[in-house]
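Q:
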Amino acid sequence: MHFDHAGIATDDADALADLYAAAFDVPVAHEETFDGMQVTFLDLGNGYFELLDPLPDSEGTIATYLERNGPGIHHLALATPDVEAAMAAAVDAGVDPIDDEPRPGAWGHEVVFLHPKSTGGVLLELVEH
Ligand code: CO
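Residue numbering for the sequence shown follows my numbering, beginning at 606 and increasing consecutively.
#1: Helix, strand or coil: how does DSSP classify Gly713 here?
#2: Are the beta-carbon atoms belonging to Val732 and Asp609 less than 8 Å from one another?
#3: Between which residues of its own chain and Glu655 is the CB-CB distance below 6 Å, once the five residues before and five after are set aside?
#4: Is the number of C-beta pairs between the region 713-728 and the region 687-698 that are closer than 8 Å three or more?
#5: Do Leu729 and Glu680 have their beta-carbon atoms positioned less than 8 Å apart in this structure?
#6: When you compare only the Cα positions, how much space is there between Ala693 and Glu636?
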């Protein structure tokens, strides 16, 4: 298990990607439209920022999050070679998954989200590349 990315909710992924590129020299590694969002991964060298920007009129979880909280860190993700086994181990340890089973995420990854009430207040994502 190792750190993979911080998911950042934003209402302007292009502007934030440009700012981070100029300020921190972090290039765009991948960009796609996924689940009603523009998703932009910035390459930090040993992990990523995942910019999550709802498309206009999106009513998904990130749009709701932005309405309630404004822009900022939405979740942290840990990479594992076997997301199913990692999920089972987490459940054995008392963690509550939000998803019943791993599902397709952005960039073709398999992901599962874990409930922040069971992880010390942090929305965690397990991701298998
Ligand atoms: Co993520």
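Glycine is no exception: its CB is placed at the ideal position from the N, C-alpha and C atoms. Just so it is clear, the structure is predicted and the values come from calculations on it, not from any experiment.
A: Reading from the atomic positions:
#1: helix
#2: yes
#3: His610, Gly612 and Phe646
#4: yes
#5: The residue asked about is misnamed: residue 680 is His in this sequence, not Glu. Cβ atoms of His680 and Leu729: closer than 8 Å.
#6: 30 Å
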